[in-house]
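Order-wise, the sequence lines are chains A and B. 1 is the number of the first residue of the first sequence in the numbering used here; add one for each residue after it. 1001 is the number of the first residue of the second sequence in the numbering used here; add one for each residue after it. C-beta atoms are modelled at their ideal positions from N, C-alpha and C, and glycine is treated no differently.
2 protein chains.
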Amino acid sequence: MELQKLRYFYAVAKFQHMTKAAEYISIAQPALSQAIKSLENELQVELFVKKGRNIVLTEYGLYLKERLETILPEIDSIPAEIDKMKKRVSKTVKLNILAASAFVINAIVEYRKNHPDAVFDFEQNEQRTDCDIVISTNGLTHSSLVPSVNRCVKTERIYLAVPKNSSYSPMESIELRDVRDEEFVMLSNARLFGVICNEFCSKAGFYPKILFESDSPTAVQNIISTGTGVAFWPEYSWGELNNDNVVLLPVKTPVCSRELIIELYETLPRSEYAEDFYNFLLQQISDNE
Amino acid sequence: MELQKLRYFYAVAKFQHMTKAAEYISIAQPALSQAIKSLENELQVELFVKKGRNIVLTEYGLYLKERLETILPEIDSIPAEIDKMKKRVSKTVKLNILAASAFVINAIVEYRKNHPDAVFDFEQNEQRTDCDIVISTNGLTHSSLVPSVNRCVKTERIYLAVPKNSSYSPMESIELRDVRDEEFVMLSNARLFGVICNEFCSKAGFYPKILFESDSPTAVQNIISTGTGVAFWPEYSWGELNNDNVVLLPVKTPVCSRELIIELYETLPRSEYAEDFYNFLLQQISDNE
DNA sequence: AATACCGAAGTTTTTGCAATTCCATAGTAG
DNA sequence: CTACTATGGAATTGCAAAAACTTCGGTATT
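Here it is in structure tokens:
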């Protein structure tokens, strides 16, 4: 019961005519006769009977034809579907964003304005290695099996966000130890960022009092803007800060920054937009400076 | 996209392991590798990727596997279904009953008491030629393409049915012309039988007055039994007459009879019960005598 | 005479196997 | 902790068997 024979059979069943069917599928007529006979042999059933010098379907042949009526289109749709998938996949950029997710999300939104057919597969997974673009930081040990084809290390300054109505807001910059008694808002799930910030504080000689641990930069903004606390705010990672009630102050000492590592990989299948989006990301960072 | 390759692929997809799959489907591992590669080539897509020293499905492979999950069982069910059909068909006796249908129906009911799995395909169609058993009469021109393997011609006497309360009922037999003024009940749809009966009357020198034309022997019985008419009643064709209000009289002149021709054919596929039922039919006629 | 299916012989393509190679992991010793 | 070795597992190559096609000729139907 090979598929080809079933297709042959189906053609003959439709034409009810060997020669025409053979012509249709572009093989010699004896080959077709043989194929049908071998199929009949396999099923141990007559599929056609001679009627005059033509042939007609038997009860069994009719049944087989009806079954094939649904099965063959089903099978034929597979290559087409896979082709569609291929197209979609080639337009997909696989991202592994271990840091600076909000920044990348903004970049994606911006990028799609000019490339509306681009698709982004966005993950945060230290294990995953088969991505086009990985963004990590100096605290992370993301080890890919293959070397990146391009790699950019960007120093990201980390500001102190203070409420506008606080006494700090008019300052140009600040010493971190000056806010040692303030209450801090920290990101809970961005643990790595939390670790770094704690290190800053310990360099400044204090251990921060935690007012609130939140999941989202937005929540951090909201809490700061109530005037009840301060927070560290990374230059790029959380996107632009556009809240009139919060002010970002550079920290004089200690040096508050971290390294953003943006890597481009050659994946298979080749992603059409990967390299272009990589360059777009770097440009976005430059524009922010 | 041959079915075999798809099956091979499916095995590999299930095992996620070439060698094990090759063992499972009983071919050598290189053959399997080649088959998969050729499938990948046809679809222009990688179906597996190496992971360490094993292989795992790609996105495309996963999709193909899921599709096959429904398609393969669908195809595999076909031979089984055809086998079932074959069994059923072999137990079917194809009848073409151009005369004596009631008689045959009784025989079928009787026969199935001893052969409950026998199936009867009962038709009345002068065109149809691929039947196991054909019953016709001397007035019919049923011409099959092949000669019958067995043939039995039986003379069927045709009685005159009269009401029990009529003056004819005590007689042993009757001259047809004696009932020339009676009103007749004729079968309308059994046109051939009607023709014969009209011939009998014309031989007897009269044209019968028609009281009623009916479709069913039962209706004929009912009408006769009201005492309002007489009718011709074939010896076998309409089954036994068991009605206390009607009496069957042999007709002395003209000779009232017709020939029942019962033929057995060799059909393909071979019907298991055809010959046996043929003999049963003949025996039923003998028993009636 | 024309149409249409079937059969036989020869050729090409596909499929399968065996031996081998290549690669990645795991184990082991210095 | 590095390096050498063993092992598991897939890919490559070369060759044999089987399947599928083609051409040519045959036979039956109209």
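Between residue 198 of chain A and residue 221 of chain A, the beta carbon gap of about 21 Å keeps them out of contact (Cβ cut-off 8 Å). Taking 3 residues as the shortest admissible run, the stretch 178–245 of chain A contains the following complete beta strand (DSSP E) segments, listed from N- to C-terminal end: 183–187, 209–214 and 231–234. The secondary-structure analysis by DSSP pairs residue 1105 of chain B with nothing; it has no beta-bridge partner. Scanning chain B for C-beta atoms nearer than 7 Å to the C-beta of residue 86 of chain A yields 1045, reported in chain order.
With its beta carbon at least 8 Å from every one in chain A, residue 1040 of chain B lies outside the interface. Of the candidates A/99, A/56, A/93 and A/245, A/93 places its Cα closest to the Cα of residue 133 of chain A.
Between residue 1254 of chain B and residue 1176 of chain B, the beta carbon gap of about 6 Å places them in contact (Cβ cut-off 8 Å). Counting along the chain, the unbroken beta strand (DSSP E) around residue 1121 of chain B starts and ends at 1119–1123. Straight through space, the alpha carbons of residue 118 of chain A and residue 87 of chain A are spaced by roughly 11 Å. By the neighbour-count definition (other C-beta atoms within 10 Å, threshold 16), residue 1096 of chain B is a buried residue. Between residue 1266 of chain B and residue 1148 of chain B, the alpha-carbon positions lie close to 7 Å from each other. Taking the Cα of residue 1040 of chain B as reference, the smallest distance to any Cα among A/83, A/68 and A/50 is reached at A/83. Check the Cα spacing between residue 205 of chain A and each of A/181, A/52 and A/8: the tightest is with A/181. Within the stretch 1058–1074 of chain B, 1058, 1059, 1060, 1063, 1064, 1067, 1068, 1070, 1071 and 1074 place their CB atoms closer than 9 Å to a CB of chain A, listed in sequence order. A direct Cα-to-Cα measurement between residue 164 of chain A and residue 105 of chain A gives close to 27 Å. Membership of residue 273 of chain A in any alpha helix (DSSP H) is not indicated, and neither H nor E is assigned to it by DSSP. Ranked by Cα distance from residue 252 of chain A, the first of A/183, A/246, A/209 and A/173 is A/173. Linking residue 56 of chain A to residue 13 of chain A through their CA atoms gives a straight-line distance of about 8 Å. Every alpha helix (DSSP H) stretch that sits fully inside the stretch 1045–1109 of chain B and reaches 4 residues is listed by chain position as 1059–1090. In the three-state scheme derived from DSSP, where H, G and I count as helix and E and B as strand, residue 1025 of chain B is classed as coil.
In this structure, residue 1192 of chain B lies near residue 1137 of chain B, with their beta-carbon atoms less than 8 Å apart. Secondary structure note for residue 10 of chain A: its alpha helix (DSSP H) is the uninterrupted segment 3–15. With three or more CB-CB distances shorter than 8 Å, the stretch 256–266 of chain A counts as touching the stretch 151–167 of chain A. Measuring C-alpha to C-alpha distances from residue 1275 of chain B to each of B/1091, B/1223 and B/1286 identifies B/1091 as the nearest.
Contacts with chain B (Cβ-Cβ distance below 8 Å) from the stretch 98–130 of chain A involve no residue at all.
Neighbourhood of residue 1175 of chain B in chain A, by CB distance below 7 Å: empty, with the nearest CB roughly 52 Å away. For residue 79 of chain A, the chain B residues whose C-beta falls within less than 8 Å of its own C-beta are 1001, 1042 and 1043, listed in chain order. The three-state reading of DSSP puts residue 163 of chain A in strand, counting E and B together. Short of 7 Å from the beta carbon of residue 1248 of chain B, and not among the five residues preceding or following it, lie these beta carbons of its own chain, in chain order: 1159, 1161, 1233 and 1241.
Interface criterion not met: the Cβ of residue 27 of chain A is under 8 Å from no Cβ in chain B. Classified as buried, residue 1061 of chain B has 16 or more neighbouring CB atoms from the shown chains inside 10 Å of its CB. For residue 89 of chain A, the neighbours in chain B by C-beta distance under 7 Å run, in chain order, 1059. When the Cα atoms are used, residue 1202 of chain B and residue 1229 of chain B turn out to be separated by approximately 18 Å. Taking each of B/1031, B/1017, B/1184 and B/1128 in turn and checking the Cα distance to residue 1050 of chain B, the smallest one comes out for B/1017.
At least one beta carbon of chain A lies nearer than 8 Å to the beta carbon of residue 1004 of chain B. At a beta-carbon threshold of 9 Å, none of the residues of chain B lie near residue 55 of chain A; the nearest stands roughly 14 Å away.
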